[in-house]
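Protein chains in written order, with my numbering: chain A, 1 to 338; chain B, 339 to 586.
And the structure:
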């Protein structure tokens with residue numbers, strides 16, 4: 001955990017996202033809150049879902065409370081204030097709401113537990129982070145469910161990926177899906193992408209880039225369902241596709257087929273959170289020699305592991321940590337409670 | 339102090355707590371299975387539990403119907419229920435509201451996503467003939483509604499929404515075995531985020547096991563359960579659009 005904290009202090013905003021519910025995101029956040037505030041930092045916190053409520057809305061299983069240290073600042077819906085033991089002082093209210101009310105900034109006067117429910121849409125998350133940074137040194141975002149959009153580099157500077165036995169009691173399968181998710185986030189930066197191409201992607205548009213670096217925007221409104229007319233724009237010269245949105249199975253299937261006549265086909269996505277192709281379709285791309293890169297790589301600080309599954313059964317934590325670490329060289333893998 | 343209002347399950351008389359439950363045990367039907375079922379019922383807090391019915395369902399499995407009295411009660415005054423709430427408008431009020439506050443027809447794209455082939459819910463809301471004596475959204479002069487039908491992949495729904503410049507996306511999920519609807523619903527939210535259009539649309543989920551609270555937790559703007567009528571959904575969409583200034 002110490003090593004994870006050493007890495008965390010280098011960033012201003014960190015998203016803790018998970019492969020699923022009950023992968024230990026909140027426990028990881030609690031460890032970070034505690035560790036970072038012990039190092040004298042004022043930590044800001046918000047959540048893209050709801051955290052710290054007593055029971056899971058889906059399974060009714062008990063959930064761990066969010067434990068706030070003194071001085072921390074949270075962005076949460078007004079409706080959640082007073083749900084825990086922490087005493088909070090309201091600092092400001094943001095012009096953002098979620099279904100539980102308007103989001104307010106509050107400082108922890110007396111440490112204790114709290115329920116945190118922040119903005120849901122990524123656009124609003126960005127605004128909440130900016131507001132929190134006025135009052136804190138570093139902001140943590142507790143992700144919701146299996147949603148990872150908050151870890152996009154346009155939103156947060158770094159990410160921590162939570163995984164665990166809730167995915168499967170079969171260690172191999174947990175390792176496989178964790179490694180695949182981490183590799184998507186770790187997508188390397190494109191070396192070919194020109195500033196013009198990067199600008200197009202940052203605006204959420206798609207285009208093609210030629211071997212000499214010329215960029216042409218595509219007329220299609222979206223590539224998400226793999227429109228066949230895309231093939232008219234790709235050839236040996238225009239061999240770099242810039243995807244402004246999601247890289248889905250549908251699009252990947254089309255590209256894997258196209259790659260057979262376009263050697264060196266490269267696909268640049270905005271970042272790893274835009275990849276929705278599953279592991280099989282991904283391997284199909286690799287087999288066909290398509291390289292997938294990112295305009296903006298994600299700083300994956302580490303992977304946190306929860307060896308306890310849905311019904312309280314455990315898989316061996318140390319073995320899981322070791323197996324994941326072996327497959328992801330250079331990535332820190334920790335069990336925060338070990 | 340708010341007045342408490344405690345209720346118990348009702349069988350033949352008020353507060354008798356009578357309940358009926360059914361379940362399957364992974365053991366062959368017989369005296370041992372019967373004893374196991376009874377033991378389980380007692381652990382669940384049932385008094386006077388009795389096995390009303392036991393039948394083998396396949397080798398190694400038996401099915402039970404158990405009657406008993408549940409001692410627990412619920413205090414209605416202490417319950418908080420999250421609902422997409424808001425006052426409902428009627429057909430005419432909704433159209434007038436769109437005309438006045440948005441000033442153009444709004445676009446609504448709807449689908450049953452994933453492997454789900456059950457269109458009864460989405461049809462009730464969208465199709466012209468509607469539900470419970472109310473017109474569906476297709477009949478609203480100020481709404482363009484597209485019903486994509488069943489088994490629509492999330493990517494196809496998002497593509498349609500982008501091409502139609504959707505103001506609202508309606509997703510129906512009926513099949514919920516092993517909670518398959520959960521990753522399917524969150525994947526849609528994530529795709530909309532990846533495409534950069536999540537903040538431009540009103541996103542609504544519906545289905546027998548969708549509550550407003552669950553939908554909100556998954557990143558939707560609202561969730562509607564069974565019995566929802568078209569105008570409830572339409573009222574929510576147009577008010578949300580105006581509140582979030584999405585109409586321009």
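Backbone N, C-alpha and C fix where the C-beta goes; we use that ideal spot for every residue, glycine too. The structure presented is a predicted model; accordingly, all values stated were derived computationally and were not measured.
The alpha helix (DSSP H) with residue 484 of chain B in it runs from where to where?
Premise fails: residue 484 of chain B lies in the beta strand (DSSP E), 481–485, not in any alpha helix (DSSP H).
Who are the near neighbours of residue 22 of chain A in its chain, counting only those whose CB is closer than 6 Å to its CB and skipping five residues on each side?
Within the same chain, residue 22 of chain A has close Cβ partners 166.
Could you please tell me which residues of the region 515–529 of chain B, in chain order, have their CB closer than 8 Å to any CB of chain A?
So the close ones are 517, 520, 521, 524, 525, 527, 528 and 529.
Would a check of beta-carbon distances place residue 146 of chain A closer than 8 Å to chain B?
Closer than 8 Å: yes.
Can you tell me the Cβ-Cβ gap for residue 125 of chain A and residue 150 of chain A, rounded? I've got them flagged as a contact below 8 Å.
About 6 Å separates the two Cβ atoms, so the contact holds.
Is the CB of residue 568 of chain B under 8 Å away from at least one CB in chain A?
For residue 568 of chain B, the answer is no, since every Cβ of chain A falls outside 8 Å of its Cβ.
Can you list the residues of chain B that residue 173 of chain A reaches, using a CB-CB cut of under 7 Å?
Near residue 173 of chain A there are no residues of chain B at all, since even the closest Cβ is about 15 Å away, more than 7 Å.
Would you identify the three-state DSSP class for residue 528 of chain B, choosing helix, strand or coil?
Here residue 528 of chain B sits in helix by DSSP.
Between the C-alpha atoms of residue 541 of chain B and residue 45 of chain A, what's the straight-line distance to the nearest angstrom?
Taking the straight line from one Cα to the other gives about 26 Å.
Heavy atom of the ligand FMN less than 7 Å from the Cβ of residue 412 of chain B, yes or no?
Questions concerning the ligand FMN fall outside what the structure shown contains, since it holds no ligand whatsoever.
Name the one or two DSSP bridge partners that residue 13 of chain A has.
Residue 13 of chain A pairs with A:139.
Apply the 10 Å Cβ neighbour rule to residue 119 of chain A and answer buried if 16 or more other Cβ atoms are within range, or exposed otherwise.
By the 10 Å Cβ count, residue 119 of chain A comes out buried.
Output needed in chain order: residues of the region 191–225 of chain A with a Cβ under 8 Å from some Cβ in chain B.
Under the 8 Å Cβ criterion, the region 191–225 of chain A contributes 204, 221, 222, 224 and 225.
Give the straight-line distance between the Cα atoms of residue 193 of chain A and residue 438 of chain B, rounded to the nearest whole angstrom.
Using only the alpha carbons, I get a separation of about 47 Å.
Indicate whether the contact test is met: 3 or more Cβ pairs, each with one atom in the region 183–203 of chain A and one in the region 310–320 of chain A, closer than 8 Å.
No, the region 183–203 of chain A is not in contact with the region 310–320 of chain A.
Taking the beta carbon of residue 225 of chain A as the centre, do at least 16 other beta carbons fall within 10 Å, making it buried, or is it exposed?
Looking at its Cβ environment, which holds 16 or more other Cβ atoms inside 10 Å, residue 225 of chain A is buried.
Taking C-beta to C-beta, are residue 400 of chain B and residue 376 of chain B nearer than 8 Å?
No, the pair does not count as a contact, with Cβ atoms beyond the cut-off.
Which residues of the region 118–133 of chain A have a Cβ closer than 7 Å to any Cβ of chain B? Give them in chain order.
Going along the region 118–133 of chain A in chain order, one finds 120, 121, 122 and 123 with a Cβ nearer than 7 Å to chain B.
Relative to the C-alpha of residue 238 of chain A, which candidate in A:261, A:228, A:263 and A:209 has its C-alpha closest?
Selected option, being the one with the closest Cα: A:209.
List the residues of chain B that residue 50 of chain A touches, going by C-beta distances under 7 Å, in chain order.
The contacting residues are 555.
Helix, strand or coil for residue 567 of chain B? Go by DSSP, reduced to three states.
In the structure shown, residue 567 of chain B sits in coil (DSSP, three-state: anything other than H, G, I, E or B).
Does the separation of the CB atoms of residue 333 of chain A and residue 321 of chain A fall below 8 Å?
Their beta carbons are under 8 Å apart, which means residue 333 of chain A touches residue 321 of chain A by this criterion.
Give me the Cα-Cα distance between residue 552 of chain B and residue 121 of chain A, rounded to the nearest whole angstrom.
About 16 Å.
According to a CB-to-CB cut-off of less than 7 Å, which residues of the region 262–289 of chain A neighbour chain B?
Residues passing the 7 Å Cβ filter: 273, 274 and 276.
Going by beta carbon distance, what residues of the same chain come within less than 6 Å of residue 379 of chain B, once the five residues before and after it are set aside?
Within the same chain, residue 379 of chain B has close Cβ partners 387, 404 and 406.
How long is the line joining the alpha carbons of residue 246 of chain A and residue 537 of chain B, rounded to whole angstroms?
Rounded to the nearest angstrom, the two C-alpha atoms are 16 Å apart.
What is the DSSP secondary structure of residue 1 of chain A, reduced to helix, strand or coil?
Reduced to three states, the DSSP call for residue 1 of chain A is coil.
Taking contact to mean at least 3 C-beta pairs separated by less than 8 Å, is the region 557–571 of chain B in contact with the region 511–530 of chain B?
With the cut-off at 8 Å, the region 557–571 of chain B and the region 511–530 of chain B touch.
Provide the residue(s) that pair with residue 397 of chain B in DSSP beta bridges, ordered along the chain.
The partner list for residue 397 of chain B (beta bridge, DSSP) is empty, contrary to what the question assumes.
I want to see whether chain A comes within less than 8 Å of residue 531 of chain B, judged by CB atoms only; does it?
For residue 531 of chain B, the answer is yes, since a Cβ of chain A falls inside 8 Å of its Cβ.
State yes or no: is the beta carbon of residue 491 of chain B nearer than 8 Å to at least one beta carbon in chain A?
True, the Cβ-Cβ gap to chain A drops below 8 Å.
Let me know the secondary structure DSSP gives residue 165 of chain A once reduced to three states.
Residue 165 of chain A: coil per DSSP, three-state reduction.
List the residues of chain B that residue 28 of chain A touches, going by C-beta distances under 7 Å, in chain order.
What residue 28 of chain A touches in chain B: nothing, since even the nearest Cβ is about 19 Å away.
Express the C-alpha separation of residue 496 of chain B and residue 339 of chain B in angstroms, rounding to a whole number.
With a pLDDT of only 44 at residue 339 of chain B, under 50, the local geometry of the prediction cannot be trusted, and the value read off the model is given with reservation. Taking the straight line from one Cα to the other gives about 49 Å.
Below 9 Å between beta carbons is the criterion; list the residues of the region 241–259 of chain A that meet it against any residue of chain B, in chain order.
Correct list: 244, 245, 246, 247, 248, 249, 250 and 251.
Among A:1, A:14 and A:5, which has the Cα closest to the Cα of residue 153 of chain A?
The shortest C-alpha separation from residue 153 of chain A is found at A:14.
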